[in-house]
């Protein structure tokens, strides 16, 4: 049976998969248009981005790596499913026994992935 945290995890998972898909599609359109043969039409709205060499509109207006952010959030939502599986629905997730609910081996994958992304995107 799904509890409240399961429902939150499902909502976040769907939201961030959609967010990542939009960011990937924006990047795909930009890269495909950028590399077209001379003389072919480019997307005029991206003219300044072509000069810079990277996308700065759409979701990329807020971050150089919105798709990376969304991917990390997808993995954190997976971790929320593990937390929800241990939660009985009655205990306080933020009370004295918060460690019992939040700290366990299922979180290692999400933490390591976030650390990997942080290390690979620093400049």
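In the numbering used here, the protein residues as written are 181 to 303. Backbone N, C-alpha and C define an ideal beta-carbon position, used for all residues, glycine too.
Under the three-state reduction of DSSP output, residue 230 falls in the helix class. A distance below 8 Å between beta-carbons, with the five flanking residues on each side excluded, links residue 262 to the following residues of its chain, in chain order: 284, 286, 287. Boundaries of the alpha helix (DSSP H) harbouring residue 260: 246-266, taken from the DSSP string.
The beta carbon of residue 294 is closer than 7 Å to those of 252 in its chain, skipping five residues each way along the sequence. The straight-line gap separating the alpha-carbon atoms of residue 205 and residue 258 is approximately 23 Å.
In the three-state DSSP reduction, residue 197 falls in the helix class (H, G or I). A Cβ-Cβ contact shorter than 8 Å links residue 192 with residue 260.
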